[in-house]
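Position 37 of the sequence shown, counted from 1, bears residue number 32 in my numbering, the numbering being contiguous throughout.
Positions of the beta carbon are idealized from the N, C-alpha and C atoms, including for glycine.
Everything on this sheet refers to the single structure shown next.
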Amino acid sequence: MTVWLSRLALNPRSRAVRDDLSGSRAAINLHRRVMSLFPDTEAEDARASFGVLFRAEDTPQGYALLVQSIHAPDPARLPEGYGALRSRSLDPLLDALKPGRRIRYRCVANAVRRPGATTRELYDLRAVVPLRGRTADEWWQRQASGAGMELESVLSQPVDTVRGLRGTEGKAAKQHMRHDRTRFDGVATVTDADLLRERIITGVGRAKSYGCGLLTVAPAGSAA
């Protein structure tokens, strides 16, 4: 199985790009645009079937999407003038992960906790509680440990919250969603290479359909 990491540099002059990035439907629009890069499937969960994870990044060169998958995306499926897509295999990087190796990491994640019914009632909490600041860092520490990394440093900052309707038809068109997101950057040491490879491929946390969960790593000293 080959794991692909693709970079889609978006064309700000494209009407389709502007439509995808604007309004309350932006989260769903981006999810659908990313999934349009892959063949039609009857799988119940197409995202999981193709191993798709993605992250939006605002770079000095412009807005871009990082897309990871276990099926090579097809740039011909994009609207004309939408953007430039470049893909490379992640296999050499994944194969090079060894215990003791220092890496840089980045992950935009939906850091939350789900209190039990008694706790929710006692403190009047929602079913899903977003974490921020120190509690978000503690959440990431647990996630990193479970992903085969020992953190040396962590820099966290909130990013835009995903809000909108879950879909455009049926019950989903009436269901509102909210996913608070935090970006985690830093340096770590690999403690379990097999576990880290598995977590890179499957992603971290919830809300993977909406730009969360993609864990990118690189040798320490280079960009993640």
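Asked	Found
Could you check the C-alpha separation between Thr197 and Gln63 for me, to the nearest Å?	10 angstroms
Inspect the beta-carbon positions of Ala59 and Arg108 and report whether they are closer than 8 angstroms.	no
Quick check: the Cα distance between Thr177 and His171, rounded to an integer number of angstroms?	20 angstroms
Span of the alpha helix (DSSP H) holding Pro214?	First-last for Pro214: 210 to 214, but that is the beta strand (DSSP E), not the alpha helix (DSSP H).
Any contact of the segment 86 to 98 with the segment 64 to 78, i.e. 3+ C-beta pairs under 8 angstroms?	no
Return helix, strand or coil for Pro68, following the three-state DSSP convention.	coil
Can you tell me where the beta strand (DSSP E) holding Met172 begins and where it ends?	171 to 185
Rounded to a whole number of angstroms, what is the C-alpha to C-alpha distance between Arg96 and Asp187?	10 angstroms
Taking a contact to mean a Cβ-Cβ separation below 8 angstroms, would you say Val185 touches Gly143 in this structure?	yes
Sorted by chain position, which residues of the same chain lie with C-beta nearer than 7 angstroms to Leu190's C-beta, five sequence neighbours on each side aside?	Ala142, Gly143
Report the option in Pro70, Gly78, Asp35, Glu39 whose CA atom is closest to the CA atom of Gln56.	Gly78
Quick check on the burial criterion: 16 or more other C-beta atoms within 10 angstroms. Buried or exposed for Ser204?	buried
Given a cut-off of 8 angstroms on the beta-carbon distance, is the pair Leu48 and Leu209 in contact?	yes
Alpha carbons only, please: which of Val154, Cys102, Val157, Leu5 is nearest the one belonging to Gln136?	Cys102
Of the choices Lys93, Met(-4), Ala4, whose alpha-carbon is the least far from that of Arg81?	Ala4
Would you mind working out which of Ser17, Ser151, His174 sits nearest Arg158, comparing C-alpha positions?	His174
Compute the Euclidean distance between the alpha carbons of Ala139 and Arg42, then round it to the nearest angstrom.	23 angstroms
Out of Asp155, Val149, Val154, Ala106, point me to the one whose CA is closest to Trp134's CA.	Ala106
Could you have a look at Glu52 and say whether DSSP puts it in helix, strand or coil?	strand
Does DSSP classify Glu145 as helix, strand or coil?	strand
Compare the Cα-Cα distances from Trp(-1) to each of Pro125, Asp40, Phe45, Val154 and report the closest residue.	Phe45
With H, G and I counted as helix, E and B as strand and the rest as coil, what does DSSP make of Asp40?	coil
According to the Cβ coordinates, are Ala215 and Val182 closer than 8 angstroms?	yes
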